[in-house]
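J.:
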């Protein structure tokens, strides 16, 4: 059973990482796999009330892999932690099957109470590098979290979230193959949408202003020539004096 699960995890890593050249290379050189092996032992201790042994085993795994997985966290099958350095998975986190995490990801808590305070990731979730998924929220099946996003609320299944705080940029229902880091270059940028909308509004306002200026100038009648800036300034400075003279 143990070796069968290990073979499944190695095979899943080869499917998701084109840099993997052999099963032996994955077994010896992938810190994400090493962290999972240590977590299984630490979690075994934790579930039997041997918390100190669980924490110590987890600590050893962290020193060797650079990945911190609390022994109380529940990890599903075929989790792939790519590169791995800086990944933190909290005590009450729940990670489903076939989830992919990249370096710098935090599945953290936002409160000090001892109950459920870490996120739950459903099957097939991809979390890009540096992303922070915080609090007792649920990330739906097949959702993708872009690099450096900060997720503070529940995420529907199948959507893509980017930004701080995270916003949905791609709706559910679109089928995709595996995407490294949870996003690609074809995703629409919500900020660019806003900027483009403002640009279109400015163009419309300019056309309205030009139309109003055209209505002010009647056909066959010349408008008064515009004063140069120096004359405008002189006229405004002389007007108070003219008003004072008229009063006297």
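In the working numbering, the protein residues as written are 262 to 509. In this text, a Cβ means the ideal position worked out from N, Cα and C, and glycines have one as well.
(1) Taking only three categories from DSSP, how would you classify residue 428?
(2) Which residues bound the beta strand (DSSP E) around residue 394?
(3) Within 10 Å of its beta-carbon, does residue 308 have 16 or more other beta-carbons around it, so buried, or fewer, so exposed?
(4) Three-state secondary structure (DSSP) at residue 362?
(5) Which whole-angstrom value describes the C-beta separation of residue 379 and residue 353, a residue pair presumed to lie in contact below a C-beta threshold of 8 Å?
(6) Excluding five sequence neighbours on each side, which residues of the same chain lie with their C-beta closer than 7 Å to the C-beta of residue 508?
(7) Could you give the first and the last residue of the continuous beta strand (DSSP E) run that contains residue 421?
(8) To the nearest angstrom, report how far apart residue 333 and residue 429 are at their CA atoms.
(9) Between the region 292-312 and the region 322-341, do three or more beta carbon pairs fall short of 8 Å?
(10) Which class does residue 581 belong to by DSSP, given the choice of helix, strand or coil?
(11) According to DSSP, is residue 473 part of a helix, a strand, or is it coil?
(12) What's the call for residue 319, buried or exposed, on a 16-neighbour Cβ count within 10 Å?
(13) Compute the Euclidean distance between the alpha carbons of residue 296 and residue 395, then round it to the nearest angstrom.
(14) For residue 291, which option in 263, 393, 416 and 342 has the closest C-alpha, if you only look at C-alpha atoms?
T.: Here's the rundown:
(1) Locating residue 428 in the chain shown gives position 167, counting from the first residue. Three-state result, residue 428: strand.
(2) Along the chain shown, read from residue 1 onward, the residue named residue 394 stands at position 133. Here the beta strand (DSSP E) through residue 394 covers 393-395.
(3) Here residue 308 corresponds to residue number 47 of the chain shown, with the count starting at 1. Exposed is the call here.
(4) As a first step, residue 362 must be located in the chain shown, where it is residue number 101. Reduced to three states, the DSSP call for residue 362 is strand.
(5) Working through the chain shown from its first residue, we reach residue 379 at position 118. Working through the chain shown from its first residue, we reach residue 353 at position 92. That belief holds up - the Cβ atoms of residue 379 and residue 353 are roughly 4 Å apart, short of 8 Å.
(6) Within the chain shown, residue 508 is the residue found at index 247, counting from 1. Only weak support exists for where residue 508 lies, its pLDDT of 49 falling under 50; the coordinates are left without a value.
(7) Along the chain shown, read from residue 1 onward, the residue named residue 421 stands at position 160. Counting along the chain, the beta strand (DSSP E) containing residue 421 begins and ends at 421-423.
(8) Here residue 333 is taken as the residue at index 72 of the chain shown, counted from 1. Here residue 429 is taken as the residue at index 168 of the chain shown, counted from 1. In this model, residue 333 and residue 429 are separated by some 31 Å (Cα to Cα).
(9) Touching, per the Cβ criterion.
(10) Absent from the structure is residue 581, since the part of the chain shown begins at 262 and ends at 509.
(11) Working through the chain shown from its first residue, we reach residue 473 at position 212. In the structure shown, residue 473 sits in a helix (DSSP, three-state: H, G or I).
(12) As a working note, residue 319 is residue 58 in the chain shown. Counting the other Cβ atoms within 10 Å of the Cβ of residue 319 gives 16 or more, which makes it buried.
(13) Stepping through the chain shown from its first residue, residue 296 is reached at position 35. Stepping through the chain shown from its first residue, residue 395 is reached at position 134. Between the C-alpha atoms of residue 296 and residue 395 there is a straight-line separation of about 21 Å.
(14) Translated into the one-based positions of the chain shown, residue 291 becomes position 30. Here the closest residue by C-alpha is 342.
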